[in-house]
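There are 2 protein chains.
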Amino acid sequence: MELYKIHPQHYVAVDCVILGYQDEEIKLLLYPRSFEPYKGKWSLLGGFVQDNESADEAAARILKQTTGLEQIFLEQVASFSEPDRDPEARVISLAYYALIRIDLHDEEKVKDNGAYWVSISKLPNLIFDHQQMFEKALVKLQQKAGYSLCGHELLPERFTLIQLRKLYEAIFRREFDPGNFRKKMLSLDVLEKLKEKDVSESRKGAFYYRVKEGWDEKDSERIVKL
Amino acid sequence: MELYKIHPQHYVAVDCVILGYQDEEIKLLLYPRSFEPYKGKWSLLGGFVQDNESADEAAARILKQTTGLEQIFLEQVASFSEPDRDPEARVISLAYYALIRIDLHDEEKVKDNGAYWVSISKLPNLIFDHQQMFEKALVKLQQKAGYSLCGHELLPERFTLIQLRKLYEAIFRREFDPGNFRKKMLSLDVLEKLKEKDVSESRKGAFYYRVKEGWDEKDSERIVKL
DNA sequence: ACAAAAGTGTTTAGATTACACCCATGA
DNA sequence: TCATGGGTGTAATCTAAACACTTTTGT
Chain A
1 MELYKIHPQH YVAVDCVILG YQDEEIKLLL YPRSFEPYKG KWSLLGGFVQ DNESADEAAA
61 RILKQTTGLE QIFLEQVASF SEPDRDPEAR VISLAYYALI RIDLHDEEKV KDNGAYWVSI
121 SKLPNLIFDH QQMFEKALVK LQQKAGYSLC GHELLPERFT LIQLRKLYEA IFRREFDPGN
181 FRKKMLSLDV LEKLKEKDVS ESRKGAFYYR VKEGWDEKDS ERIVKL
Chain S
1001 MELYKIHPQH YVAVDCVILG YQDEEIKLLL YPRSFEPYKG KWSLLGGFVQ DNESADEAAA
1061 RILKQTTGLE QIFLEQVASF SEPDRDPEAR VISLAYYALI RIDLHDEEKV KDNGAYWVSI
1121 SKLPNLIFDH QQMFEKALVK LQQKAGYSLC GHELLPERFT LIQLRKLYEA IFRREFDPGN
1181 FRKKMLSLDV LEKLKEKDVS ESRKGAFYYR VKEGWDEKDS ERIVKL
């Protein structure tokens, strides 16, 4: 303890890159900062790590406060520690990213925080190094989607293969051949075909699928070639 | 500033997983902790983040103090922030991993720190969560080696394809077919064949290669299938 | 000449890609 | 019946893997 006391202490924050999927686009939850400096500028949702919690717990707490959701996918992105990254004080920030189903989140809570879902193709300028946090989080999402089938986190319980492909096209910002994508996904043996069809998009209708029991989090083989 | 003051501050440390390659084994630099608690127990090399430096800079500082090396490969692994991870005080630690050429490091400095190179197949118990830090760092190294040719960081300037294969076998803890490995590496078009041979291992001798100019850090395609 | 390590070639199996084609259905 | 998306099949290409084979050189 004595030996530690010669060293400085720092504020430690977590900032969350909260990602969802809606209208064939990946969206990011942002809010206009409510205090100076940079009041009114767009910011990720964040907060400070308290004495009795780990950073993981702090991130989960912030996620629950702002979206009402618990036990959702949440992972570290990187730490950001430039001494002057926040002009007001020395704050070391640990960036996290979360994948949530927009259809499940608590709209009231989001409104209370003054937060908005913004398409990642139309992002405004963000404060501090939050742009970098987002970019690193997107790379992490692409890596995750390349190895595990992340329909479960971003899509509703039931989804069609077309919806899954559109999701992957949004994540990777490129198109996939419909036939080949379908075959690849089915060959992974993690999807269960349901009896119902989604008839909202075509006359013929597309069968719904869902992730098989037990395959929720299990990683599978490589899906998308870099 | 006022708004920040209601939040606690914490000690922030960096711990470095310093990896090298020698005698066909990956080695980790460890030292016996010199103060209580856990005095004498094996620990990664670490230190506290000061007011005027980023965590990256702190890690580079510690690396220079302990090995004498500068401008070497150094990357974040993860943050560790369980409130009681250090029984003495709340310390949030940012883990880094470094790849160094053992043939270049300053043996005096290492001795002064009481540090030793330990083969990763014979690691002792480490304090706190340092074992986890090492394991995550090893995964990161495997990912890096799978995408970029990391001979440059761990091997001498010149190396034979056999030496490179032995390095990859140490990193991935499995064997590679000599013929296929050679063909794969050469097909990447990042190696330059030199005129000299290494004659220490065989009568015939094996040609030395080196990484082509400009390919130092550039990532290439996938090398090792998971 | 031969042992031993360095390096090359060949064959097979599987995955990826592009793209043509068939199917089901409501208007 | 036909337009429209949903879904299947196939051939060409590329890659990984297994393994047999040739080369070089000191003794």
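Line order of the protein sequences matches chains A and S. For what it's worth, the working numbering labels the leading residue of the first sequence as 1, then goes sequentially. For what it's worth, the working numbering labels the leading residue of the second sequence as 1001, then goes sequentially. Yeah, the Cβ is synthetic: ideal placement off N, Cα and C, and Gly gets one too. Small disclaimer: the values here were computed from a predicted structure and weren't measured.
- The beta carbons of V14 of chain A and A58 of chain A sit closer together than 7 Å.
- Ranked by Cα distance from V1110 of chain S, the first of S:L1028, S:K1039, S:F1128 and S:E1175 is S:L1028.
- Neighbours of P8 of chain A across chain S, judged by C-beta separation under 9 Å: Q1009, Y1011, V1012, F1048, V1049, Q1050 and D1051.
- P156 of chain A is outside the set of residues whose beta carbon lies under 7 Å from a beta carbon in chain S.
- Selection S:F1207, S:G1214 and S:Q1050 evaluated against I6 of chain A yields S:Q1050 as nearest (Cα-Cα).
- The Cβ atoms of A1055 of chain S and S81 of chain A sit closer than 7 Å to each other.
- The C-beta of I92 of chain A comes closer than 7 Å to at least one C-beta of chain S.
- If you check each beta-carbon in the region 1184-1201 of chain S against every beta-carbon of chain A, none falls closer than 9 Å.
- Around the beta carbon of E1153 of chain S, 16 or more other beta carbons sit within 10 angstroms, so the residue counts as buried.
- With respect to the C-alpha of S1079 of chain S, the residue from S:S1121, S:D1106 and S:K1136 having the closest C-alpha is S:K1136.
- Where I26 of chain A is concerned, the enclosing beta strand (DSSP E) starts and stops at E25 to P32.
- Around the C-beta of K1166 of chain S, 16 or more other C-beta atoms lie within 10 Å, and the residue is accordingly described as buried.
- Of all residues in the region 70-96 of chain A, only Q76, A78, S79, S81, E82, P83, E88, A89, R90, I92 and L94 place a beta-carbon less than 7 Å from a beta-carbon of chain S.
- Q65 of chain A and H105 of chain A have their alpha carbons spaced roughly 11 Å apart.
- Around the CB of F1035 of chain S, fewer than 16 other CB atoms lie within 10 Å, so the residue is classed as exposed.
- Residues of the region 1026-1041 of chain S with a C-beta atom less than 8 Å from some C-beta of chain A are F1035, listed in chain order.
- For the set A:P124, A:A95, A:I72 and A:L155, the Cα lying nearest the Cα of Y21 of chain A is the one of A:L155.
- Using a CB distance below 7 Å, no part of the region 1161-1174 of chain S faces chain A.
- With respect to the 7 Å criterion, Y1209 of chain S and E1196 of chain S are not classified as neighbours on the basis of their beta carbons.
- The Cβ atoms of V1017 of chain S and Y1097 of chain S sit closer than 7 Å to each other.
- Assignment of I100 of chain A by DSSP, reduced to helix, strand and coil, places it in the coil class.
- Residues of chain A with a Cβ closer than 8 Å to the Cβ of L1003 of chain S are, in chain order, F35.
- By the criterion of a C-beta distance shorter than 8 Å, P37 of chain A is surrounded in its chain by P87 and E88, once the five residues flanking it on both sides are discounted.
- Taking the C-beta atoms as reference points, S119 of chain A is found nearer than 7 Å to E25 of chain A.
- DSSP places H152 of chain A outside any beta strand (DSSP E); the residue lies instead in the alpha helix (DSSP H), whose first and last residues are G151 to L154.
- Annotated as distal: I1162 of chain S and A1095 of chain S, with beta-carbon spacing of 7 Å or more.
- Taking 8 Å as the upper bound for CB-CB distance, L44 of chain A and L30 of chain A are in contact here, some 7 Å apart.
- Not flagged as an interface residue toward chain S: S119 of chain A, since no C-beta distance is shorter than 7 Å.
- The three-state reading of DSSP puts Q65 of chain A in helix, counting H, G and I together.
- Distance from the CA atom of R158 of chain A to the CA atom of L164 of chain A, rounded to whole angstroms, is 10 Å.
- Cβ-Cβ distances below 8 Å link E175 of chain A to E169 in the same chain, with the five nearest sequence neighbours on each side left out; the list follows chain order.
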